[in-house]
Amino acid sequence: MSVKVRFAPSPTGRLHVGNVRTALANWLFAKGQGGKFVLRIDDTDLERSTKDFEDGIETDLKWLGLEWDERYNQSQRFPIYQAAAERLKAMGRLYPAYETQEELDRRRKVQLSRGQPPIYDRAALKLTKEEREKLEAEGRRPHWRFRLDGRRVKWDDLVRGPSEVDTASMSDPVLIREDGLFLYTLPSVVDDVDMDITHVIRGEDHVTNTGAQIEIFQALGAREPGFAHMPLLVGADGEALSKRLGSLSISEMREQGFEPLAITSHLAKIGTSDNLEIGTSMPELGAGFSFSKMGRAPARYDTADLERLNAQALHAMDYAAAKPRLAALDADLGEAFWHSARANLGKFADVVLWAKVVRGPITPAVEDQAFLDQAAELLPETIDAGAWGAWAEAVKAKTGAKGKGLFMPLRKAITGEDHGPDMASLLPLIGREKILGRLKGQAA
Ligand code: GLU
Numbered sequence: 046m047s048v049k050v051r052f053a054p055s056p057t058g059r060l061h062v063g064n065v066r067t068a069l070a071n072w073l074f075a076k077g078q079g080g081k082f083v084l085r086i087d088d089t090d091l092e093r094s095t096k097d098f099e100d101g102i103e104t105d106l107k108w109l110g111l112e113w114d115e116r117y118n119q120s121q122r123f124p125i126y127q128a129a130a131e132r133l134k135a136m137g138r139l140y141p142a143y144e145t146q147e148e149l150d151r152r153r154k155v156q157l158s159r160g161q162p163p164i165y166d167r168a169a170l171k172l173t174k175e176e177r178e179k180l181e182a183e184g185r186r187p188h189w190r191f192r193l194d195g196r197r198v199k200w201d202d203l204v205r206g207p208s209e210v211d212t213a214s215m216s217d218p219v220l221i222r223e224d225g226l227f228l229y230t231l232p233s234v235v236d237d238v239d240m241d242i243t244h245v246i247r248g249e250d251h252v253t254n255t256g257a258q259i260e261i262f263q264a265l266g267a268r269e270p271g272f273a274h275m276p277l278l279v280g281a282d283g284e285a286l287s288k289r290l291g292s293l294s295i296s297e298m299r300e301q302g303f304e305p306l307a308i309t310s311h312l313a314k315i316g317t318s319d320n321l322e323i324g325t326s327m328p329e330l331g332a333g334f335s336f337s338k339m340g341r342a343p344a345r346y347d348t349a350d351l352e353r354l355n356a357q358a359l360h361a362m363d364y365a366a367a368k369p370r371l372a373a374l375d376a377d378l379g380e381a382f383w384h385s386a387r388a389n390l391g392k393f394a395d396v397v398l399w400a401k402v403v404r405g406p407i408t409p410a411v412e413d414q415a416f417l418d419q420a421a422e423l424l425p426e427t428i429d430a431g432a433w434g435a436w437a438e439a440v441k442a443k444t445g446a447k448g449k450g451l452f453m454p455l456r457k458a459i460t461g462e463d464h465g466p467d468m469a470s471l472l473p474l475i476g477r478e479k480i481l482g483r484l485k486g487q488a489a
């Protein structure tokens, strides 16, 4: 059986780290198994779905490297859902109900006050044909509920292990609203069947849905797919991320300069037994992905970890990958420059500072001009890879300065900064003339 999974985002907002983690788990699982990844735009809610959000989802997924093999819009598949609904109606599994929201709320309050679970009482099932006709004559339009079996629905979850949901403790879910709109539950199942989806991978918040949806799969005469429900994300403080997800959109993270591979490595590895380290590529992340590594505790999302991984991604980036991006920032000063600068980058754009340091002019930071004058006299004629080591030794012998007291004044004068790339690699890039100028306190 070849694996086929789907990511089914609703285009009602921007993608954030929570839904991208779901997309990623689907993609990695599929690719790790040589399977297929389907993008299914869950746009049955025509009022809230927008083309802009849909385009944004595609842009974000492509940028992250989560390319899809097939793509669908649920809004173009209504006749298929309608046909499935008719089948369920014919079986008596989908029944019309006429209660208004106020009526339902009132009944729920009564149930709660009596200490009963607030489950829909199925009053609509007891309506006679005449009663239904009377309600419709009054202008009431039905919504449609799926009649649950009320049993223990079991599955072997790839993350949670043997799982069950007691559908007797749930209200019969509304599948079609009174205005004819299909809610998510039925289209999702119909498409999973129609598209031969083998595994449904999604957040733990869908566990209860899974109970109802397995009943719908079976009512439609289909075998349900496998399921994996991933624990939700929490912030570094242990609080649920759900309220903060708005500020963790992928488009914002892209603007902040995070690397796609840092984001995917981070999201692939939090909440698993893997070390939180940068991956080398998406296929490599896919090959290493397994639900058996995923714990059941919430996964801790800490931006500090992402920043660390982002730096790792840049430190490992080769010149060929960096070159066009350096050029776009007018900072392509060659391979040696990239190798010197990359170890000092938190974000790619930080490289602009080091290009300026190499190119000049910069304003040297001078504290002790006499010391710098002595150092200038000792500067080797040829500034090659060994120059810094030899020079520092000579300055040390002459002035007695050592450690930070030796390196820091030289670094600050030559770069204008108190941190930065390794001096041995920077000096040949800057060149003797500019070094001498800066040692004299000149902008060079
Ligand atoms: N549109 C649903 C969601 O984003 C899809 C859930 C599913 O994967 O079945 O929650």
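In this note's numbering, the protein residues as written are 46 to 489. We treat Cβ as the ideally placed atom computed from N, Cα and C, and that holds for glycine.
Own chain partners of residue i with C-beta closer than 7 Å, once the 5 adjacent residues on each side are dropped
i: Thr95; result: Pro56
i: Pro270; result: Asp237, Ile242, Thr243, His244, Val245
i: Pro218; result: Arg190, Phe191, Thr230, Ala257
i: Gly195; result: Thr212, Ala213
i: Lys368; result: Asp377
i: Met362; result: Arg387
i: Val235; result: Ile125, Tyr126, Ala129
i: Gly280; result: Leu286, Arg289, Tyr346
Own chain, CB closer than 6 Å to residue i, minus 5 neighbours either side, in chain order
i: Ala458; result: Pro409, Val411, Leu417, Arg483, Leu484
i: Gln493; result: With the chain running from 46 to 489 in the structure shown, residue 493 is simply not present.
i: Gln78; result: Val48
i: Lys165; result: Correcting the residue identity first, residue 165 is Tyr in this sequence and not Lys. The residues are Ser216, Asp217.
i: Thr255; result: Phe272
i: Arg51; result: Val83, Arg85, Ile242
i: Thr317; result: Lys338, Met339
Nearest candidate by alpha-carbon position, reference residue i, set the options
i: Ile475; options: Thr460, Gly486, Glu380, Glu223; result: Thr460
i: Ser385; options: Gly283, Gln301, Val396; result: Val396
i: Asp319; options: Ser335, Met327, Leu306, Arg185; result: Ser335
i: Asn355; options: Leu321, Trp200, Leu451, Leu111; result: Leu321
i: Arg85; options: Glu209, Gly137, Asp237; result: Asp237
i: Asp467; options: Lys288, Ala446, Leu390, Lys479; result: Leu390
i: Leu139; options: Leu306, Asn254, Gln78, Leu265; result: Leu265
i: Leu1; options: Ala489, Glu115, Ala373, Asp413; result: No answer is possible for residue 1: it lies beyond the span of the chain, which begins at 46 and ends at 489.
i: Gln353; options: Arg186, Ala365, Lys392; result: Position check: residue 353 holds Arg in this sequence, whereas Gln was assumed. Selected option, being the one with the closest Cα: Lys392.
i: Leu91; options: Ile480, Phe123, Thr145; result: Phe123
i: Leu290; options: Asp347, Thr145, Pro425, Leu374; result: Asp347
i: Pro54; options: Ala373, Leu73, Tyr117, Phe74; result: Tyr117
i: Leu226; options: Ala372, Arg93, Arg247; result: Arg93
i: Ala267; options: Arg247, Met240, Val402, Gly283; result: Met240
i: Pro328; options: Phe74, Phe52, Gly184; result: Phe74
i: Thr173; options: Gln156, Ala366, Pro141; result: Pro141
i: Asp375; options: Leu398, Ala366, Ala365, His360; result: Leu398
i: Glu249; options: Glu209, Ala394, Gln263; result: Glu209
i: Trp113; options: Gln146, Ala446, Trp72; result: Trp72
Cβ-based neighbour list, residue i, same chain, cut-off 8 Å, excluding 5 preceding and 5 following
i: Ile295; result: Arg59, Leu60, His61, Val62, Val65, Asp105, Trp108, Leu109, Ile308
i: Gln419; result: Val440, Lys443, Thr444
i: Glu103; result: Leu84
i: Phe452; result: Ala437, Met468
i: Phe98; result: Pro56, Thr57, Gly58, Arg59
i: Gly137; result: Arg192
i: Arg22; result: Any answer about residue 22 is impossible in this case: the structure gives the chain only from 46 up to 489.
Beta-carbon spacing of residue i, residue j below 8 Å
i: Ala129; j: Leu286; result: no
i: Phe303; j: Leu351; result: yes
i: His251; j: Ile221; result: no
i: Pro343; j: Leu293; result: no
i: Arg182; j: Tyr143; result: Per the sequence shown, residue 182 should be read as Ala rather than Arg. Contact: no.
i: Ser337; j: Gly324; result: no
i: Lys76; j: Lys49; result: no
i: Gly434; j: Ala469; result: yes
i: Arg153; j: Pro163; result: yes
i: Ala332; j: Pro406; result: no
i: Leu330; j: Ala358; result: no
i: Ile259; j: Val198; result: yes
i: Glu223; j: Arg167; result: no
i: Leu133; j: Ala68; result: no
i: Pro473; j: Ala432; result: yes
i: Leu424; j: Ile480; result: yes
i: Glu462; j: Val403; result: no
i: Ile428; j: Arg370; result: no
Should the stretch 190 to 204 be regarded as contacting the stretch 256 to 276, the criterion being three or more beta carbon pairs within less than 8 Å?
In short, these stretches touch, since the Cβ pair count reaches three.
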